[in-house]
Amino acid sequence: MDDVAASGPGFAGVTYSAFSGWADRPTDFAPMLEGELTCDIAVVGGGYAGMAAALRLAERGADVVLLESGFCGWGGSSRNAGYLSNALAGDPQLLNMLYARRLPHLIRYADSAARFTEELIGRLAIDCDYEPTGNVIAAVSPGQLRRTRRNAEILRGAGADVEFVEGRDFGLPQTFLGGVFERAGGLLNPGKFALGLREALFASGVRTYERTTVRAVEPHATGAVVSVPGGRVRAERVILATNAYSRDLAIAPKRMVTPIWTSLVETEPVDPERLAATGWTRRVGIITPHTILENYRPTPRGTVMFGTRRLRTAPGALGAREPDGAVVADLVRGFHERFPSLGDIAPQRAWGGWIAMTSSLLPVAGEATKNVFYAIGCNGHGLAQSPYLGTLLADRLAGDRMHDDLAAVWRARPRFAPPVLSAPTLHAAWTVDRITDRLHRRRA
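Encoded structure:
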């Protein structure tokens, strides 16, 4: 790991990392761009979406240049919880109310994304510890259980590959009562997946430049010029695959994303018998239906990884940082509440990353201005959706008709509503979640 402190506030012995707990930082960096280049398509951003788009364009015969400010996979791609999911962000009842006519198309898009990314792992032979377990949106109170039952009906009605399951019969920990089982997808090591894509990118015909920050993208009648500290790239078209960092790029549509910092914690190794004694006998990822979700998953290292629950906004510049000690302490409290018999299991390491949240909580793609396109497939569920969306956009730019799944998230105009996520809003959501948890414990 890199940029690691020996301990953090509140928990002696916890490793706080400014990178990721999933993989080591690579040492074989691609060169920085110096001078002037020309190409068919320039891709800005080396995350899942950017790497997948560049790979597909190279397969289609395009001359591609990819520019990444750190190293490919440095951002949220290697820092997330590792859930390959066929779900959309947001509560299904809310999505059904807001997007009733679009929901079946969005469900199809999300399901196709999970299956596409599974196939991508196999096709590129990426060793990322993938387990096709599916994932469960699991309730921790009777009220949540009733809501997840309704959500399962809504999702099935829209064509989702899900079913409602009872917690004990399904093999969930005892504090999880049941919920919506997403059959597609599963769990993987996102750091290994990101670095596997990076290796495939280096082996392709894509001209890749790392540690190359894009300062500006200037469109003109026949293309665009991408300016970096050491030079510039003249391209016929540009793809912005910049996720949370889109906010700080002038060419990106205004108000398109709100950068959100999400944190993860990993425990020390847990005896498999003790984990099974909690009732968690099915190796499946768990997400709660709180306003701000909680997630819990086993890892191949014999540990438990958990996160989200409390989010932070970014009033200033984005960049590398360690998780906030208060957030880590809150995550650990949540872990001990969900797994009371593991109260002596200590947190071992903590890390986090920036993700992009759109105001609609939906993935989006479109044309920012003439010859400059964008794709945001995150919203907290981007592990499968980002590479799929990048590939769909690449096929479109390579001359294919617009795929139905791309049309489901395409924005005809680059206009976005004012962001609804702010520091007070996120704190209020966290407060509501904690109050409802406390009420449930009292009733129990």
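Using my numbering, you'd call the opening residue of the sequence shown number 2 and step up by one each time. Glycine included, each C-beta is placed from N, C-alpha and C at the ideal position. Note that the coordinates shown come from a computational prediction; the quantities given were computed from them, not determined experimentally.
To which residues of the same chain is Val285 closer than 7 Å at the C-beta, ignoring the five residues directly before and after it?
Reading the sequence shown from its first residue, position 284 is the one you call residue 285. Excluding five sequence positions before and after Val285, the CB atoms of its chain that fall closer than 7 Å to its own CB belong to Thr134, Gly135, Asn136 and Val137, given in chain order.
According to the neighbour-count rule (16 or more other Cβ atoms, all chains shown, within 10 Å of its Cβ), is Ala418 buried or exposed?
If you number the sequence shown from 1, residue 418 lands on position 417. Looking at its Cβ environment, which holds fewer than 16 other Cβ atoms inside 10 Å, Ala418 is exposed.
Cβ-Cβ separation, Ser342 to Val421 (assumed contact under 8 Å), whole Å:
Here residue 421 is taken as the residue at index 420 of the sequence shown, counted from 1. Here residue 342 is taken as the residue at index 341 of the sequence shown, counted from 1. Distance from Val421 to Ser342 at the Cβ level is roughly 38 Å; contact not present, criterion being Cβ atoms closer than 8 Å.
Between which two residues does the beta strand (DSSP E) carrying Leu355 extend?
Against the sequence shown, residue 355 aligns to sequence position 354. In the sequence as presented, Leu is not what sits at residue 355; that position holds Trp. Element bounds for Trp355: Pro348 to Met358.
Same chain only: Cβ atoms within 7 Å of Ala399, ignoring 5 sequence neighbours per side
On the sequence shown, position 398 is the one that residue 399 refers to. When the five nearest sequence neighbours on each side are left out, the beta carbons in the same chain lying within less than 7 Å of the beta carbon of Ala399 are those of Leu58, Arg61 and Ala63, in order along the chain.
Secondary structure of Leu38, DSSP reduced to three states
Mapped onto the sequence shown, residue 38 falls at position 37. Here Leu38 carries a strand assignment [DSSP, helix/strand/coil].
Ala185 and Ala115: beta carbons closer than 8 Å?
Stepping through the sequence shown from its first residue, residue 185 is reached at position 184. Stepping through the sequence shown from its first residue, residue 115 is reached at position 114. Against a cut-off of 8 Å, the Cβ pair of Ala115 and Ala185 comes out as a contact.
Counting only the same chain and skipping the five closest in sequence on each side, list residues whose C-beta sits under 6 Å from that of Pro415.
Position 414 of the sequence shown, counted from the start, is the residue given in the question as residue 415. Only Pro254, Gly367 and Ala369 meet the Cβ criterion.
Contacting residues, own chain, Cβ-Cβ under 8 Å from Leu146 (five flanking each side not counted)
Taking the sequence shown and counting its residues from 1, one reaches residue 146 at position 145. If we look at Leu146 and ignore the five residues flanking it on each side, its Cβ neighbours are Ala140, Leu178, Gly179 and Gly180.
Residue range of the unbroken beta strand (DSSP E) whose run includes Asn1
Outside the modelled stretch of the chain, which goes from 2 to 445, sits residue 1, for which no answer is possible.
Starting from the Cα of Gly353, find the closest Cα among Ala347, Pro324 and Gly335 and give me that residue.
Translated into the one-based positions of the sequence shown, residue 353 becomes position 352. Of all alpha-carbon atoms in Ala347, Pro324 and Gly335, the one lying nearest the alpha-carbon of Gly353 is that of Pro324.
What are the residues that DSSP puts in a beta bridge with Pro220?
Working through the sequence shown from its first residue, we reach residue 220 at position 219. According to DSSP, Pro220 bridges with Ala225.
Alpha helix (DSSP H) segments (min. 4 residues) lying fully within the segment 336-411
Correct list: 383-398 and 405-410.
Give me the Cβ distance between Thr314 and Ser247, rounded to the nearest whole Å; I'm assuming they're in contact under 8 Å.
Locating residue 314 in the sequence shown gives position 313, counting from the first residue. Locating residue 247 in the sequence shown gives position 246, counting from the first residue. Not confirmed; about 15 Å, so no contact.
If Val218 and Val45 are in contact, beta carbons under 8 Å, what's the gap, nearest whole angstrom?
Within the sequence shown, numbered from 1, the residue matching residue 218 stands at position 217. Within the sequence shown, numbered from 1, the residue matching residue 45 stands at position 44. The Cβ separation is near 7 Å, so the contact holds.
Residue from Gly192, Leu427, Val266 and Pro230 with nearest C-alpha to Gln349
Here the question's residue 349 lines up with position 348 in the sequence shown. Comparing C-alpha distances from Gln349 to each of Gly192, Leu427, Val266 and Pro230 shows the shortest one belongs to Val266.
Would you check if the segment 222-236 and the segment 103-117 touch, i.e. whether three or more CB-CB distances between them fall below 8 Å?
With the cut-off at 8 Å, the segment 103-117 and the segment 222-236 do not touch.
Simplified DSSP state of Val329, which is helix, strand or coil
In the sequence shown, counting from the first residue as 1, residue 329 sits at position 328. Helix, per DSSP.
C-alpha distance - Gly383 paired with Leu121, whole-angstrom precision:
Position 382 of the sequence shown, counted from the start, is the residue given in the question as residue 383. Position 120 of the sequence shown, counted from the start, is the residue given in the question as residue 121. When rounded, the separation of the alpha-carbon atoms in Gly383 and Leu121 is 15 Å.
8 Å Cβ cutoff met for Gly51 and Ala201
For the purposes of this step, residue 51 is taken as the residue at position 50 of the sequence shown. For the purposes of this step, residue 201 is taken as the residue at position 200 of the sequence shown. Not a contact, by the Cβ cut-off of 8 Å.
Meets three-Cβ-pair contact criterion under 8 Å: the segment 15-25 and the segment 202-221
No, they do not touch.
Provide the residue span of the alpha helix (DSSP H) that contains Trp23, from first to last.
Numbered from its first residue, the sequence shown carries residue 23 at position 22. No alpha helix (DSSP H) contains Trp23, which DSSP labels as neither H nor E.
Tell me which same chain residues have a C-beta within less than 6 Å of the C-beta of Glu69, skipping the five on either side of it?
Within the sequence shown, the letter at position 68 stands for residue 69. Answer for Glu69: Gly47 and Glu211, listed in chain order.
Between Leu56, Gly144 and Gly91, which lies nearest to Arg444 when the distance is taken from Cα to Cα?
As a first step, residue 444 is located in the sequence shown; it is residue number 443 there, counting from the start. Nearest option by C-alpha distance: Gly144.
Which two residues bound the contiguous beta strand (DSSP E) that contains Ile261?
Position 260 of the sequence shown, counting from 1, holds the residue named residue 261. Segment Thr259 to Thr268, the beta strand (DSSP E) holding Ile261.
Can you give me the C-alpha to C-alpha distance between Ala7 and Asn296, rounded to a whole angstrom?
Here residue 7 corresponds to residue number 6 of the sequence shown, with the count starting at 1. Here residue 296 corresponds to residue number 295 of the sequence shown, with the count starting at 1. Model confidence at Ala7 stands at a pLDDT of 39, short of 50, so the residue's coordinates are unreliable and nothing is read from them.
Return the bridge partner residues of Gly232 from the DSSP annotation.
Position 231 of the sequence shown, counted from the first residue, corresponds to residue 232. Under DSSP, Gly232 shares a beta bridge with Gly36 and Val229.
Please determine, among Asp438, Ala429, Leu390 and Ala327, the residue with the shortest C-alpha to C-alpha distance to Tyr49.
Numbered from 1 along the sequence shown, position 48 holds the residue referred to as residue 49. Minimum Cα-Cα distance from Tyr49 among the listed residues Asp438, Ala429, Leu390 and Ala327 corresponds to Leu390.
Measure the C-alpha to C-alpha separation of Ala429 and Arg310 and round it to an integer number of angstroms.
Within the sequence shown, residue 429 is the residue found at index 428, counting from 1. Within the sequence shown, residue 310 is the residue found at index 309, counting from 1. Distance between the alpha carbons of Ala429 and Arg310: 12 Å.
Would Val328 be called buried (16 or more neighbouring beta carbons within 10 Å of its own) or exposed?
Your numbering for residue 328 matches position 327 in the sequence shown. Taking all protein chains in view, the Cβ of Val328 is crowded by 16 or more other Cβ atoms within 10 Å, so the residue is classified as buried.
Beta-bridge partners of Gly308, as assigned by DSSP:
What you label residue 308 is simply residue 307 of the sequence shown in a count that begins at 1. Partner residues in the beta bridge of Gly308, as assigned by DSSP, are Leu265 and Asn296.
If I follow the unbroken alpha helix (DSSP H) through Glu200, where does it start and stop?
Residue mapping note: residue 200 aligns to position 199 of the sequence shown, counting from 1. From DSSP, the alpha helix (DSSP H) with Glu200 extends over Pro191 to Ala204.
From the DSSP output, in three-state form, read off Phe117 for me.
By one-based count along the sequence shown, residue 117 stands at place 116. Helix.
Close-in-space but distant-in-sequence residues of the same chain around Asp438 (CB under 6 Å, 5 per side omitted):
Residue numbering aside, residue 438 sits at position 437 when the sequence shown is read from its first letter. Nothing meets the Cβ criterion.
Ala55, enclosing alpha helix (DSSP H) - first and last residue
Counting from 1 along the sequence shown, the entry for residue 55 is found at position 54. Here the alpha helix (DSSP H) through Ala55 covers Tyr49 to Glu60.
Could you tell me whether the segment 26-43 touches the segment 375-382, using the rule of 3 or more Cβ pairs below 8 Å?
The count of Cβ pairs closer than 8 Å, one atom from the segment 26-43 and one from the segment 375-382, stays below three, leaving the stretches out of contact.
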